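Worksheet: one structure, shown below.
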Amino acid sequence: MIRIVAAKEIRMLFASPLAWIVLAIFQAILAWIFLARLDAFLGVQARLQYLLNPPGVTQWISAPLFSAAMMIFLMIIPLFTMRLVAEEVRNQTLTLLISAPISPVQIVIGKFLGLMVFLLAAIMLVLLMSLTLLAGGRLDFGLLFSNVLGLSLAAGGFSALGLYISCLTKHPFLAGIGGIGALLGLWAVSFGTEKIGNAFQVLSPARHFENFNQGLVDTGDIAYFILFIALFLMLSVWRIGNLK
Amino acid sequence: MNSHPSLLLHAQGLRRTYGSLVAVDNVSLELRRGEVLGFLGPNGAGKSTTMRMLTGNLKPDSGKVVLCGIDLYDRPLDAKAKLGYLPEIPPLYKEMRVDDYLRFVAKLHGAKREAVEQTKTRCGLLDVGKRLIGALSKGYQQRLGIAQAILHDPEIIILDEPTSGLDPNQIMEIRTLIRELGDRHGVILSTHILSEVESLCDRVEILHHGKKIYSGKIGAERQSIEIGFRNPPSREELAGVDGVAGVETLSAGLFLIHPLKDCDPTEALIRKASEGNWGLQRINPGRYSLEKVFARLTKEPS
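As they're listed, the protein sequences go chains A and B. Each residue of the first sequence is one higher than the one before, counting from -13 in my numbering. Each residue of the second sequence is one higher than the one before, counting from 44 in my numbering.
This is the structure we're talking about:
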């Protein structure tokens, strides 16, 4: 059942021009950043060898690339999640799912996984871009792995939050704005709160992603994202169960 | 477990309020196999709300729904497997192709792949399989809506205004289809086309302001006699005539006579009228149609 809903979401995603346009823009911006970092790296490469512990090509190019990808995800994931439930409520197609022998849990997880498959494909493209550096040298695969893991978890968290906001309204546009607002808000709380204490720091997904970005795979960060995803998926299930 | 195997749907005391508005108040329903139940009522009477509660799309404030012996709110998934539902607005994904959509519905309900082709034939959708749903005419979209409701061969089929947006030929086809479905399954349909109920349904329930105000077999109301007098007798006098079961006053001097079962009191009424000098003005045996029942029951007192 979950697979059927997920497959439908993927098919609908790829049938819409939105997915392709967003994916193309995403790739174009990342390619620009990739080339700019590569250019900068080539400029300083000669001097780096005099350093005791010089940053490698992965750290110099791939880490900023994944960091940029995270920021772009923060903006574009709400564009995908906004349709997931709000549009179905508005077009009254959710009735089809609710009248079928399928539970709200299956609906929510199916929709979430459908979107995640799409986003993981986008993350693979970022990874492929980094792997092209193999043509000119060696890569730090550990750092690459922690970045892929971190970006995937962040994408999951953003999707779950966006999905929940999509359950709150029947206007996809509002759901999109709300999603971007909420994600930017969570990102912004990590600024200016360094001195207050780390309650706000703990809340921010961007702060947790930073550790992965630097190659630090911490179970605390993994647990944070898993709890974040689980919380918003559960809220979505509860919301769909009570739409009636 | 189920003491009435032929009883497909049983709803009891359904009630739903929106704020202070009571949309549906204490509605009870039964549907048996081989029966088409017509759901009639003016706009806003609570037909769609009731149907949404019967299909688990809306939680009632109180009351319960049992589908094929399974409580809809205790075991929703098992109960919903018995159900096919066409809402007021057909639940169609406009950006999907007809074939993809029907295959998706088939998977959702665990129906066989052959069911898709069968249903397309039944609903006259064979030549639009490759078309985008959003590009279909209203009539085709409505037929596709019916197709998704009957694809998995459910025991209970609930159709909210199934013939809206169809042209007369299509309406005939869909009525034939519904009649066919009603022979093997149980069908509840809502409509405000009275002739549709008369030609299609076995039983009718009339809703008004969320309350059930009439319930009866189609044809029963045709037995009634409308009768008018210049010097009207009292109701008791009329009720005393042989073969009369009940008398209703429609307006001054105009009555509706309900005969006893298998009795025709027409002659006795005419004889009494001339004997008592009531000034018989008109008598309409068997002309009291559903239309009049509907109009009388749902007209707002001015």
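We treat Cβ as the ideally placed atom computed from N, Cα and C, and that holds for glycine. Model, not experiment: these values are computed from the prediction.
Scanning its chain for C-beta atoms nearer than 8 Å, with the 5 sequence neighbours on each side dropped, one finds around G271 (chain B) the residues G296, L297, F298, L323, Q324, R325, I326, in chain order. Inter-residue distance for Q31 (chain A) and T44 (chain A) is about 13 Å (C-alpha atoms, whole angstroms). Between G253 (chain B) and V65 (chain B), the C-beta spacing is below 7 Å.
At least 7 Å separates the CB of I163 (chain A) from every CB of chain B. Leaving aside the five residues that flank V134 (chain A) on each side, the residues in its chain whose CB is nearer than 7 Å to its CB run, in chain order, I109, L113. The straight-line gap separating the alpha-carbon atoms of I226 (chain A) and I93 (chain A) is approximately 9 Å.
Between A168 (chain A) and M(-13) (chain A), the alpha-carbon positions lie close to 30 Å from each other. Around the Cβ of Y36 (chain A), a 10 Å sphere holds fewer than 16 other Cβ atoms; the residue is exposed. Under DSSP, the beta-bridge partners assigned to I326 (chain B) are B:I270.
The beta carbon of F337 (chain B) sits no closer than 7 Å to any beta carbon of chain A.
Pairing L57 (chain B) with M96 (chain B) gives a Cβ-Cβ distance under 7 Å.
Between I132 (chain B) and chain A, the shortest Cβ-Cβ separation is below 7 Å.
For T162 (chain B), no chain A residue has a Cβ inside 9 Å of its Cβ, as the nearest lies near 15 Å away. For A124 (chain B), the C-beta contacts it makes with chain A under 9 Å involve A86, P87, in order along the chain. When secondary structure is reduced to three states using DSSP, F298 (chain B) falls in the strand class.
At a beta-carbon threshold of 9 Å, the residues of chain A lying near T98 (chain B) are T81, I84, S85, ordered along the chain. With at least 16 other beta carbons inside 10 angstroms of its own, L145 (chain B) counts as buried. Each residue's CA atom was taken as its position, placing L120 (chain A) and L51 (chain A) some 16 Å apart. Per the DSSP secondary-structure output, Q92 (chain A) pairs with nothing in a beta bridge. When C-beta atoms of the stretch 122 to 129 of chain A are compared with those of the stretch 153 to 171 of chain B, fewer than three pairs fall below 8 Å, so the two segments do not count as touching. Counting only the Cα atoms, L179 (chain B) lies some 27 Å from T98 (chain B).
Note that the C-beta distance between E(-5) (chain A) and G100 (chain A) is below 7 Å. Using a Cβ-Cβ distance cut-off of 8 Å, the stretch 135 to 153 of chain B and the stretch 66 to 82 of chain A are in contact, since at least three pairs of beta carbons, one from each stretch, lie closer than that value. In this structure, B:L281 is the residue among B:F82, B:A122, B:L281, B:D117 with its C-alpha nearest to the C-alpha of E318 (chain B).
Straight-line measurement puts the Cα of M102 (chain A) at about 16 Å from the Cα of S222 (chain A).
Around the beta carbon of M57 (chain A), fewer than 16 other beta carbons lie within 10 angstroms, which makes this residue exposed. The beta carbon of Q213 (chain B) lies closer than 6 Å to those of G182 in the same chain, with the five residues before and after it left out. Of the candidates B:V230, B:I176, B:T234, the residue whose Cα lies closest to the Cα of Y128 (chain B) is B:V230.
Straight-line spacing of the CA atoms in M139 (chain B) and Q185 (chain B) works out to 15 Å. In this structure the stretch 137 to 154 of chain A lies against the stretch 191 to 209 of chain A, because at least three pairs of beta carbons, one per stretch, are closer than 8 Å.
Interface with chain B (7 Å Cβ-Cβ cutoff): Q187 (chain A) is excluded. In this structure, the beta-carbon distance from L110 (chain B) to A124 (chain B) does not fall below 7 Å.
Counting only runs of 3 or more residues that sit fully inside the stretch 169 to 255 of chain B, the beta strand (DSSP E) segments are 199 to 203, 229 to 234, 246 to 251, in chain order. DSSP, reduced to helix, strand and coil, places K125 (chain B) outside both helices and strands of the structure shown, so it counts as coil. In the structure shown, L135 (chain B) adopts coil according to DSSP, grouped into three states. H152 (chain B) reaches chain A at A86, P87, counting residues in chain order whose Cβ is nearer than 8 Å.
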